[in-house]
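Asks: Please read through the structure below; I'll follow up with questions.
Structure, rendered in structure tokens:
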């Protein structure tokens, strides 16, 4: 199929027709049909337009939505824009434009490209996170979280780039330097809004049981939450009335604990550092400030530390052990202190080896009591207890764990504790381009310890109560708090939000006491608007609530949510948390937002490497579509490999898809031309078998996102049809067009219009074909297999298989065990096949 003017004309023609008939893809809020909600992750609209990853993901969603519509479902398949955030702000600064203008230009470009690629979105439900009518409800959600005691203020360290004058996410710091400009990064403490997602940690694990997420996605969420049961063990500081508390999920190793490590940010650190160690400790802490959390905690990085000069006492054996500082320990994980047990943790072993710390082995393998751990490769984490007094001989991870926990708790040396890898969500950003946080601070109300909390929630955390004094939401009838459009929005020198430079935005009246007050000037993270967007699609024009309960009950939960693996933790977790909270306050009717999560794969460049401009291996879908046609691009993207796999771009395979579409179009057009003759073509059983087996196979594969195998079946069927030289009747040709329609919407729409049996109706409005059972099971034919005329075996095949080529039948006969022993190693003079009757191998001797 050459991308001549003919095919460009077809694309323009049907794109125009679809624009004129928006009802074709519009979800019906009042339909009696069974609903099906297909959701693609909405994109950040960058200045470079749709990349091949977008095209891959969105085509996968579109194929499924088209398939479900044709199956008779009332399909909701919407699209919108996740347009707030730092990337847009930086791009706008670079282009010397306002973020508002950049966002409008980029979303217009994305929308145009999506329409060209024939994505069947219901554009009447389009949302944009930067629209005040939309982020009014993002702000409302924040207010409800605050009222519930799930939002608090806290001094938090951030990565600070003095050149870019911005705070950086951990992912934006590489080797202690700013990813953008290469400047050395420092750490600053800034007052931040924090969301208590940890209150929902167990709910987020338990709720996965209500979903049909694949195991990979469930496990990613469970691992990210990282629920750990264990003990907080108290180590008394020698000669001081202080203690260091360490959380461990391996309390059975307590007799092997020979040192304790605290984080560089440990609250009581100064009291632990002796005069002799002060200089060395100060130097170490300054170096640790250059690393971000990812670098500090990476499993591949070497553990480093410095001795404080202080000691604590191991409560179980009264042994004095040293206290170290290590930057691999984080203050906001657990208690900010951990215990070191070298023989039973490989990284502890390397730390002890590096600094000459004592090692006490407390476990051996079950069947080897003489086993000695003298290298990190020999470290064991579960065995039989030794060197542990009355617990010797017990199995470590069950019997000893329980007994030692009970013993330590009874002696008041420890408390039972459940800890999580999941941390509370830092919600503040010191940038301009984000949703304004709808909060006001009143100094007078703070002095009077005034706070606003929803009475249905019990606020037990004293720190949260105290952090809320003087803070209050703006009245709901004043939402949205609109982001002011300004000329200067670049980052400030002091790390404060650019909004802090706008007096008319900052200064306001306290809604409680009527005195002078100030608005919050931080903005929300880009996650804020993307955590609930699927709800707004249900009722996009509602000014009274996020969406009406009737419409939410109609459409929720989302039946399938399609997106990348990179969002299986943070975004998906945040979104589920917000939804569970909204369920608790009765704003939504379902406890979970998504029934199924489909994580698609990744497309690599032709060189098998990730695509990047620097490597020169970027594939631009719009360019390929201009060259070969949209349908070719769509079908190739779905044919490359499993939808969940990692595949490299191949021009050769793309050309194979192009040839297939060419052949398909020519075959259908030839068949259509034959319909002009007044001859009634009756479908033979052979034809019916081909069609119905194809319908069955394609339908099963599409249901499970087996797009590549679906297309392979269509290719095989076209080959069989061509070889059979049978004339297919009109109703069977229509079936072939329908089966291709989700993948190749342009050419199938054109061919359907030429079939001409359904007036002006679109092929995408037709019902999906259903396989007839009577054509799926066939009688078998038994073919005798002879060697030198004497029958030695037999081959059972279906009537359907009789159509395959002679050489394939002979090969099947060769592979029979009873035939192999007669012909292996022999010279075959002749192979005779009488169709459906016999195979005879003539051999020498």
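Residue numbers (our numbering): 1231 to 2075. For each residue, glycine too, the CB sits at the ideal point set by N, CA and C. Since the structure is predicted, the reported quantities are computational estimates derived from the model, not experimental observations.
At what residue ranges does the segment 1666 to 1748 contain a whole run of the beta strand (DSSP E), taking only runs of 3 or more?
Replies: Listed in chain order, they are 1669 to 1671, 1701 to 1703 and 1737 to 1739.
Asks: At the level of alpha carbons, what is the spacing between residue 1908 and residue 1889?
Replies: Annotation note: pLDDT 43 at residue 1908 (below 50); position unreliable, coordinate value reported separately. Answer to the nearest angstrom: the Cα atoms are 32 Å apart.
Asks: My understanding is that residue 1434 touches residue 1803, with C-beta atoms under 8 Å, so please give their C-beta distance in whole angstroms.
Replies: With a Cβ gap of about 6 Å, residue 1434 and residue 1803 count as contacting.
Asks: I'd like the list of long-range same chain contacts for residue 1928, defined as Cβ closer than 8 Å, with 5 residues on each side in sequence excluded.
Replies: Correct list, in chain order: 1940, 1943, 1944 and 1969.
Asks: Between the C-alpha atoms of residue 1828 and residue 1884, what's the straight-line distance to the nearest angstrom?
Replies: For residue 1828 and residue 1884, the distance between alpha carbons rounds to 25 Å.
Asks: How do the segment 1282 to 1291 and the segment 1317 to 1332 stand: do at least 3 beta-carbon pairs fall below 8 Å, yes or no?
Replies: No contact exists between the segment 1282 to 1291 and the segment 1317 to 1332.
Asks: Considering residue 1892, what are the terminal residues of the alpha helix (DSSP H) in which it resides?
Replies: Where residue 1892 is concerned, the enclosing alpha helix (DSSP H) stretches over 1881 to 1904.
Asks: Straight-line CA distance for residue 2068 to residue 2000?
Replies: Rounded to the nearest angstrom, the two C-alpha atoms are 36 Å apart.
Asks: For the beta strand (DSSP E) containing residue 1957, list its first residue and its last residue.
Replies: Element bounds for residue 1957: n/a, residue is neither H nor E.
Asks: In whole angstroms, give me the CA-to-CA distance for residue 2038 and residue 1836.
Replies: The alpha-carbon atoms of residue 2038 and residue 1836 are separated by roughly 34 Å.
Asks: Mapping the DSSP letters down to three states, classify residue 1635 as helix, strand or coil.
Replies: Note: residue 1635 maps to helix in three-state DSSP.
Asks: Please classify residue 1471: is it buried, with 16 or more other beta-carbons within 10 angstroms of its beta-carbon, or exposed?
Replies: Burial call: exposed.
Asks: Figure out for me which residue from 1490, 1579, 1448 and 2063 has the closest Cα to the Cα of residue 1565.
Replies: Minimum Cα distance to residue 1565 is reached at 1490.
Asks: Put residue 1251 into one of helix, strand or coil per three-state DSSP.
Replies: Residue 1251 falls in the coil class under three-state DSSP.
Asks: Within its chain, find whatever has a CB closer than 6 Å to the CB of residue 1612; leave out the 5 residues flanking it on each side and keep chain order.
Replies: Cβ neighbours of residue 1612 beyond the five flanking positions: 1626 and 1627.
Asks: Would you tell me roughly how many angstroms separate the C-alpha atoms of residue 1393 and residue 1413, rounded to the nearest one?
Replies: Their Cα atoms are separated by approximately 7 Å.
Asks: Alpha carbon to alpha carbon, how far is residue 1876 from residue 1938? Give it in angstroms, no decimals.
Replies: Going by the C-alpha atoms only, they are around 13 Å apart.
Asks: Taking just the CA atoms, how far does residue 2063 sit from residue 2046?
Replies: Going by the C-alpha atoms only, they are around 16 Å apart.
Asks: In this structure, how does DSSP classify residue 1244 when only helix, strand and coil are distinguished?
Replies: Looking at residue 1244 - three-state DSSP - the assignment turns out to be helix.
Asks: Residue 1761 by DSSP, collapsed to three states: which one?
Replies: It is coil, neither helix nor strand.
Asks: I'd like to confirm the pairing. Which residues does DSSP put opposite residue 1465 in its beta bridges?
Replies: Looking at the DSSP assignment, residue 1465 forms a beta bridge with 1474.
Asks: To the nearest angstrom, report how far apart residue 1954 and residue 1772 are at their CA atoms.
Replies: Going by the C-alpha atoms only, they are around 58 Å apart.
Asks: At 4 residues or longer, what runs of the alpha helix (DSSP H) sit wholly inside the segment 1946 to 2010?
Replies: Taking only runs of at least 4 residues, the alpha helix (DSSP H) segments lying wholly in the segment 1946 to 2010 are 1960 to 1970 and 1975 to 1985.
Asks: For residue 1354 and residue 2025, I'd like the C-alpha separation in whole angstroms.
Replies: If I take the Cα positions, the gap works out to 59 Å.
Asks: Determine, using beta carbons only, whether residue 1785 and residue 1466 come nearer to each other than 8 Å.
Replies: No, the Cβ-Cβ distance between residue 1785 and residue 1466 is not below 8 Å.
Asks: Per DSSP, what are the beta-bridge partners of residue 1567 in this structure?
Replies: In the DSSP output, where bridge partners are listed per residue, residue 1567 has 1492.
Asks: Quick one: grab the DSSP three-state call for residue 1301.
Replies: DSSP places residue 1301 in coil when its eight states are reduced to three.
Asks: How would you call residue 1358, buried or exposed, if buried means at least 16 neighbouring beta carbons within 10 angstroms?
Replies: Buried, since its Cβ has 16 or more Cβ neighbours within 10 Å.
Asks: For residue 1651 and residue 1577, I'd like the C-alpha separation in whole angstroms.
Replies: So the two alpha carbons sit approximately 18 Å from each other.
Asks: In or out: residue 1452 buried (at least 16 other Cβ within 10 Å) or exposed?
Replies: Exposed, by the Cβ-count rule.
Asks: Secondary structure at residue 1430, three-state DSSP: helix, strand or coil?
Replies: Residue 1430 falls in the helix class under three-state DSSP.
Asks: Residue ranges of each beta strand (DSSP E) run of no fewer than 3 residues wholly in the segment 1335 to 1391, ordered along the chain?
Replies: You should have 1381 to 1391.
Asks: By Cβ distance below 7 Å, which residues in the same chain neighbour residue 2074 in space, the five residues on each side in sequence not counted?
Replies: Only 2056, 2057 and 2059 meet the Cβ criterion.
Asks: Residue range of the alpha helix (DSSP H) that residue 1855 falls in?
Replies: That run of the alpha helix (DSSP H) goes 1851 to 1858.
Asks: Among 1277, 1669 and 1761, whose alpha-carbon lies nearest the alpha-carbon of residue 1382?
Replies: The candidate whose alpha carbon is nearest that of residue 1382 is 1669.
Asks: Decide if residue 1923 is buried, meaning its Cβ has at least 16 other Cβ atoms within 10 Å, or exposed.
Replies: Result: buried.
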